[in-house]
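Numbering (mature numbering (1 follows the signal peptide of the UniProt record, and there is no 0)), first residue to last: -24 to -1, 1 to 310. These notes concern the structure reproduced below.
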């Protein structure tokens, strides 16, 4: 009886110390960086199935889009968490002395691909250097393509702007176009009638994490339990979205973005699994959201060499490992 009494008292003490243990759910706003889609599915899943609610959060997903600038809202304290693109934005925050931190990396691989026409002499990574033109956005040209030029010898003079219309690529069989592995290959197949070659940059050395969860240092300092709940809930949401029943999450995605189709969602999920976008590398052993100092340092060194980011930054100010690498949710993968 005495031992059971001590155990009960200890349990009560732990609960009393946890700000998420009791009371009304804490309102949290998570801003995404684009319109609702399967690439955001795990977050919608955690809302739909009550995973966030289980640890005390009432999460609102504020979808992004062409007219929405989410990161300034995070800096201004108007939202609690933001979906980052990759680690370059976090490095930039360090350079600008902005106390923003990446607390989890949902995607182990950035889903950026280069596509080529099959059977045109552009069927290997090395042969892409022989393309007549590279159809790239300004952002892509200024980031990963600078790495391709510096490390791999690609020719920057062949670049033409990408207008997010696949027609020029479809029309020129000797061209190469950027895309997200979950999106543009689908559009090319639908509109061009062929399946393009797909070269995932992450598999050829562009080693950034992507679809990160960003928050401010103030949130980490003042509400660490909220951060942990959101990171853990997101990881569980992603396991359930990819490997279990995701119908309710997809309904929420289509409600936020009525232009999204079931066919596009199914394609995106298949691609995320096929290419190991969410579950690969460190996430295989440490769970979804995993990050390591070594991988971030490796990517930073590549970006310095390509003159994409400044040398000498204290990149450990751009992220924290305190909330990840705990294997949360791995038992949900079925």
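The C-beta atom is built at its ideal place from N, Cα and C for all residues, glycine as well.
Continuous alpha helix (DSSP H) stretch holding residue i: start and end
{"i": "residue 68", "result": "63 to 71"}
{"i": "residue 164", "result": "160 to 168"}
{"i": "residue 53", "result": "Careful: residue 53 lies outside any alpha helix (DSSP H) and carries neither H nor E."}
{"i": "residue 312", "result": "In the structure as shown, the chain begins at -24 and stops at 310. Residue 312 is therefore absent and cannot be evaluated."}
{"i": "residue 124", "result": "120 to 128"}
{"i": "residue 21", "result": "17 to 24"}
Three-state class that DSSP yields for residue i in the structure shown
{"i": "residue 298", "result": "coil"}
{"i": "residue 43", "result": "coil"}
{"i": "residue 308", "result": "helix"}
{"i": "residue 110", "result": "strand"}
Which listed residue (the options) has its alpha carbon closest to that of residue i
{"i": "residue 112", "options": "98, 141 and 128", "result": "141"}
{"i": "residue 21", "options": "218, 302 and 252", "result": "218"}
{"i": "residue 187", "options": "31, 63, 30 and 38", "result": "63"}
{"i": "residue 248", "options": "94, 83, 124 and 90", "result": "83"}
{"i": "residue 286", "options": "-1, 98, 12 and 71", "result": "71"}
{"i": "residue 40", "options": "100, 13 and 32", "result": "13"}
{"i": "residue 121", "options": "214, 216, 302 and 284", "result": "284"}
{"i": "residue 259", "options": "273, 281, 276 and 212", "result": "212"}
{"i": "residue 280", "options": "236, -1, 165 and 67", "result": "67"}
{"i": "residue 176", "options": "303, 51, 251 and 274", "result": "251"}
{"i": "residue 3", "options": "18, 23, 17 and 16", "result": "23"}
{"i": "residue 80", "options": "198, 265 and 214", "result": "265"}
One or two residues paired with residue i in a DSSP bridge
{"i": "residue 77", "result": "191"}
{"i": "residue 240", "result": "For residue 240, which the question treats as bridged, DSSP gives no partner whatsoever."}
{"i": "residue 173", "result": "92"}
{"i": "residue 138", "result": "Bridge partners of residue 138: none, in fact."}
Endpoints, beta strand (DSSP E) assigned at residue i
{"i": "residue 155", "result": "151 to 156"}
{"i": "residue 33", "result": "33 to 38"}
{"i": "residue 218", "result": "Taken as a continuous stretch (DSSP letters only), residue 218 belongs to no beta strand (DSSP E), being part of the alpha helix (DSSP H) at 200 to 219."}
Any non-hydrogen atom of the ligand SAM within 6 Å of residue i CB
{"i": "residue 147", "result": "Absence of the ligand SAM is noted for the structure shown, with no ligands found whatsoever."}
Any C-beta of chain B under 7 Å from that of residue i
{"i": "residue 150", "result": "Considering every chain present, this structure includes no chain B. It has just one protein chain."}
**Asked** Given 8 Å as the limit, is there contact between the stretch 50 to 62 and the stretch 178 to 194, that is, 3 or more CB pairs closer than that?
**Response** yes
**Message:** I'd like to know if the stretch 169 to 186 and the stretch 78 to 97 are in contact, where contact means that at least 3 CB-CB pairs between them fall below 8 Å.
**Reply:** yes
**Asked** Is the stretch 202 to 212 in contact with the stretch 125 to 133, if contact means three or more CB pairs nearer than 8 Å?
**Response** no
**Message:** Across the stretch 143 to 158 and the stretch 224 to 239, are there enough close Cβ pairs to call them in contact, namely three or more that are closer than 8 Å?
**Reply:** No, they do not touch.
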